[in-house]
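Below: the structure, in structure tokens.
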Amino acid sequence: MRRSLFWIGGIVVAAGAFGSACSSAADCEADSCAGPPVSPDGGEGGPDRDTGAPPIDPCVETPTDPKCLDEASALFVSASTGNDQTGDGSRSKPYNTVGHALGKIEPGKRRIYVCEGTYAEDLTLGATHSGVSLLGGLTCAWSASPEKPVVGASATPLTIDGASGLAIVGLAVVAKDAPSGSSVAAFVKGGDVTFKSVKLEAGTGGKGDDGVTQGFTNFPTQSDLNGNNAVDGTTGGPEKPHTCPGGSVTKGGKGGDIGNFGATGTPGPANGGLLADCSGNVTGTAGTTGTGGAGAARVGALLESGWAPEQGENGIKGGPGQGGGGGFGIMGAGGSGGAGGCGGAGGAAGKGGGASIALAAHAARIKITSSTLLAKGGGAGGKGAAGQDGQTIFGFRGNGSGNACNGGAGGPGGNGGAGGGGAGGSSIGVSYRGTKPELDAETEAQIAVGAKGGGGQLAGMDGASEKWFQSK
0 MRRSLFWIGG IVVAAGAFGS ACSSAADCEA DSCAGPPVSP DGGEGGPDRD
50 TGAPPIDPCV ETPTDPKCLD EASALFVSAS TGNDQTGDGS RSKPYNTVGH
100 ALGKIEPGKR RIYVCEGTYA EDLTLGATHS GVSLLGGLTC AWSASPEKPV
150 VGASATPLTI DGASGLAIVG LAVVAKDAPS GSSVAAFVKG GDVTFKSVKL
200 EAGTGGKGDD GVTQGFTNFP TQSDLNGNNA VDGTTGGPEK PHTCPGGSVT
250 KGGKGGDIGN FGATGTPGPA NGGLLADCSG NVTGTAGTTG TGGAGAARVG
300 ALLESGWAPE QGENGIKGGP GQGGGGGFGI MGAGGSGGAG GCGGAGGAAG
350 KGGGASIALA AHAARIKITS STLLAKGGGA GGKGAAGQDG QTIFGFRGNG
400 SGNACNGGAG GPGGNGGAGG GGAGGSSIGV SYRGTKPELD AETEAQIAVG
450 AKGGGGQLAG MDGASEKWFQ SK
């Protein structure tokens, strides 16, 4: 199993504020908001990230400045009055969806205003969206508003992969409850992203799937397992091997040739025919019960593909029954032992419960100010399934010739072990791998309690409920 370490703690204060392009709106030229911030000594200011990323749009700080609202450098989106077919992205003829506007960006026009309303869409941004700013917090008359436009149609409404210099301001990104799997409001992979005055709200994680054992379907028949009769008056019945589903082998011992002992059946202790009265030709022992799979021992980890809940381990298959011992060749040849029954398949593990995560950051540089992060409850872990019953059919003895002994019958197969339960889903404000996101003191993370792991016969561990969770 993988090993994951995590750091638990409170929200960390990140000092400093994002720079603005100008000392005041009146100082701006008509197109100055499209360029990088300027420091008093004439150099570039703004956040010091040392990443080579495009500069963050200075209108992040003054979104309602008339020069920032210039249609020559901005696109406009309205859920209530916009139209993706007939709109042109202007204030008077806005687009209807954010996704459509993202497809219309061009050099010099990478600022998108999103007015208040509900946008039932998911957003996926990549490297081509570097330097873009999504600005909410406006009425559809394009004046300041305390209301945030609400974006989201699924359990993963915002995915950002490799975008740098990207800014998202004044939006509420709200994830739906996950019917299965995890609900993650924002997943950022790589790149350099700024969030300001946003709400990232995850839904509840889905329940982990219970294990479903895929039992063996090609068990042998009775005739496949029956022992072999003595060949003639002097040659004992040949051993009776059988390879079970899953590769285990059971074998009835060879019957003793005239005047010789019978061979032991396998696997198991000696049981070949050694006594002249045939009492030593014993039945094979029953197969061993498979070991149960361990329940999940950690809650999961953030991978490049997203959050991966931890599942339990599958149970081990049951052992085959021991083959019967071969018969003693007394005044004739002994019959072979019958082969044992086959063991059942191991039980399937339960899957981990889905997580509820406000922000997941994988190898990304992120700053968040004046924002709220909300995570709800994680889903219950799935239960491990019982193992398949072992085969109760076993091989009958082979008959000896003359006064020789018959072989012993095989033993029944062992039951498969139960699968382990999956971990409970976790409730996490910020899950990250790599660089820790920077949050200011105003940003609040409200986190619900994670659900407990599923029981099964071997329970997985409870989910975590933490503001911070680091995967390594």
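Just so we're aligned, residue 0 is where the sequence shown starts under numbering that gives the first Met the number 0, counting upward by one. Ideal Cβ positions, reconstructed from N, Cα and C, are used throughout, including at glycine. Fair warning: this is a prediction, and the values are worked out from it, not measured in the lab.
Status (buried if at least 16 other CB within 10 Å, exposed otherwise) for A348: Walking along the sequence shown from the start, residue 348 turns up at place 349. By the neighbour-count rule (16 or more Cβ atoms within 10 Å), A348 is buried.
Three-way DSSP call (helix, strand, coil) for D56 in this model: For this step, residue 56 is matched to residue 57 along the sequence shown. In the structure shown, D56 sits in coil (DSSP, three-state: anything other than H, G, I, E or B).
Distance, A262 Cα to A269 Cα: Locating residue 269 in the sequence shown gives position 270, counting from the first residue. Locating residue 262 in the sequence shown gives position 263, counting from the first residue. When rounded, the distance between both Cα atoms is 8 Å.
Sub-9 Å separation of N402 and G343 beta-carbons: Your numbering for residue 402 matches position 403 in the sequence shown. Your numbering for residue 343 matches position 344 in the sequence shown. Taking 9 Å as the Cβ cut-off, N402 and G343 do not qualify as a contacting pair.
Stretch-stretch touch, CB-based, cutoff 8 Å, three pairs: the region 375-389 with the region 204-217: yes
Straight-line gap, A354 to A119 (C-alpha atoms, nearest Å): The residue labelled residue 354 in the question sits at position 355 within the sequence shown. The residue labelled residue 119 in the question sits at position 120 within the sequence shown. So the alpha carbons of these two residues sit roughly 22 Å apart.
Range covered by the alpha helix (DSSP H) that runs through Q221: As a position in the sequence shown, residue 221 is number 222, starting the count at 1. 221-224 is the extent of the alpha helix (DSSP H) around Q221.
Entirely enclosed beta strand (DSSP E) segments - the region 220-258, minimum 3 residues: 239-242, 248-251
Host beta strand (DSSP E) of A73 (start-end): In the sequence shown, the residue the question calls residue 73 occupies position 74. Here the beta strand (DSSP E) through A73 covers 73-76.
Per DSSP, the bridge partner or partners of E105: Residue mapping note: residue 105 aligns to position 106 of the sequence shown, counting from 1. E105 pairs with K108.
Length of the line joining the Cα atoms of K250 and A293: By one-based count along the sequence shown, residue 250 stands at place 251. By one-based count along the sequence shown, residue 293 stands at place 294. For K250 and A293, the distance between alpha carbons rounds to 31 Å.
Distance, D160 Cα to P53 Cα: Translated into the one-based positions of the sequence shown, residue 53 becomes position 54. Translated into the one-based positions of the sequence shown, residue 160 becomes position 161. If I take the Cα positions, the gap works out to 15 Å.
Contact check, L224 vs G337, beta carbons under 9 Å: Translated into the one-based positions of the sequence shown, residue 224 becomes position 225. Translated into the one-based positions of the sequence shown, residue 337 becomes position 338. The answer is yes: Cβ separation under 9 Å.
With 16 other Cβ atoms within 10 Å as the buried cut-off, status of G246: Here residue 246 is taken as the residue at index 247 of the sequence shown, counted from 1. G246 comes out exposed.
Beta bridge counterpart(s) of D191 as assigned by DSSP: Translated into the one-based positions of the sequence shown, residue 191 becomes position 192. For D191, which the question treats as bridged, DSSP gives the partners S163, R364.
Backbone secondary structure at T127 - three-state DSSP: The residue given as residue 127 occupies position 128 in the sequence shown. Residue state, collapsed to three classes: helix.
Cα-Cα separation, G423 to T61: For the purposes of this step, residue 423 is taken as the residue at position 424 of the sequence shown. For the purposes of this step, residue 61 is taken as the residue at position 62 of the sequence shown. Cα to Cα, G423 sits roughly 44 Å from T61.
Simplified DSSP state of G294, which is helix, strand or coil: Residue mapping note: residue 294 aligns to position 295 of the sequence shown, counting from 1. G294 falls in the coil class under three-state DSSP.
Contacting residues, own chain, Cβ-Cβ under 8 Å from T391 (five flanking each side not counted): For the purposes of this step, residue 391 is identified with residue 392 of the sequence shown, where counting begins at 1. For T391, where only same-chain residues beyond five positions count, the Cβ hits under 8 Å are G340, P411, G412.
Test item: CB-CB of C404 and G326 under 9 Å: The residue you call residue 404 lines up with position 405 of the sequence shown. The residue you call residue 326 lines up with position 327 of the sequence shown. The answer is yes: Cβ separation under 9 Å.
Proximity below 9 Å, CB of Y94 to CB of K103: Here residue 94 refers to the residue found at position 95 of the sequence shown. Here residue 103 refers to the residue found at position 104 of the sequence shown. Their beta carbons are under 9 Å apart, which means Y94 touches K103 by this criterion.
Pair within 9 Å by beta-carbon distance, G240 and G322: By 1-based counting over the sequence shown, the position of residue 240 is 241. By 1-based counting over the sequence shown, the position of residue 322 is 323. The sequence shown places Pro at residue 240, rather than the Gly named in the question. Yes, the pair counts as a contact, with Cβ atoms nearer than the cut-off.
Distance, F186 Cα to R364 Cα: Numbered from its first residue, the sequence shown carries residue 364 at position 365. Numbered from its first residue, the sequence shown carries residue 186 at position 187. Each residue's Cα considered, the two are about 12 Å apart.
Which of helix, strand or coil DSSP assigns to G98: Within the sequence shown, the letter at position 99 stands for residue 98. G98: helix per DSSP, three-state reduction.
Beta-carbon proximity list for C32, same chain, < 6 Å, skipping 5 on both sides: If you number the sequence shown from 1, residue 32 lands on position 33. Interpretation of C32 is limited by its pLDDT of 37, a score under 50 that renders its predicted location unreliable; no figure is taken from the coordinates.
Inter-residue Cα distance where the pair is S426 and S464: Translated into positions along the sequence shown, residue 426 becomes position 427. Translated into positions along the sequence shown, residue 464 becomes position 465. C-alpha separation (whole angstroms): 5 Å.
Rounded separation between S181 and P145 - CA only: Position 182 of the sequence shown holds residue 181. Position 146 of the sequence shown holds residue 145. Answer to the nearest angstrom: the Cα atoms are 30 Å apart.
For G320 and G254, believed in contact at Cβ under 8 Å, the rounded distance: One-based indexing of the sequence shown puts residue 254 at position 255. One-based indexing of the sequence shown puts residue 320 at position 321. About 19 Å separates the two Cβ atoms, so there is no contact after all.
Contact check, G459 vs G345, beta carbons under 9 Å: Numbered from its first residue, the sequence shown carries residue 459 at position 460. Numbered from its first residue, the sequence shown carries residue 345 at position 346. No, the pair does not count as a contact, with Cβ atoms beyond the cut-off.
Sub-9 Å separation of K188 and E303 beta-carbons: Counting from 1 along the sequence shown, the entry for residue 188 is found at position 189. Counting from 1 along the sequence shown, the entry for residue 303 is found at position 304. Their beta carbons are under 9 Å apart, which means K188 touches E303 by this criterion.
Closest residue to L373 among V248, V183, D231 (Cα-Cα distance): On the sequence shown, position 374 is the one that residue 373 refers to. It is V183.
Per-residue DSSP class, three states only, for V197: Numbered from 1 along the sequence shown, position 198 holds the residue referred to as residue 197. In this structure, V197 counts as coil in the three-state DSSP scheme.
Own chain residues within Cβ distance below 6 Å of V149, not counting five before or after: For the purposes of this step, residue 149 is identified with residue 150 of the sequence shown, where counting begins at 1. If we look at V149 and ignore the five residues flanking it on each side, its Cβ neighbours are T117, A171, V173.
Alpha carbon of V76 to alpha carbon of V97, nearest angstrom: For the purposes of this step, residue 76 is taken as residue 77 along the sequence shown, with counting starting at 1. For the purposes of this step, residue 97 is taken as residue 98 along the sequence shown, with counting starting at 1. Going by the C-alpha atoms only, they are around 6 Å apart.
Buried or exposed by the 16-neighbour rule on C-beta atoms within 10 Å, applied to D49: Here the question's residue 49 lines up with position 50 in the sequence shown. Only weak support is given to the placement of D49: the predicted model assigns it a pLDDT of 46, under 50, and the question is left unresolved by the model.
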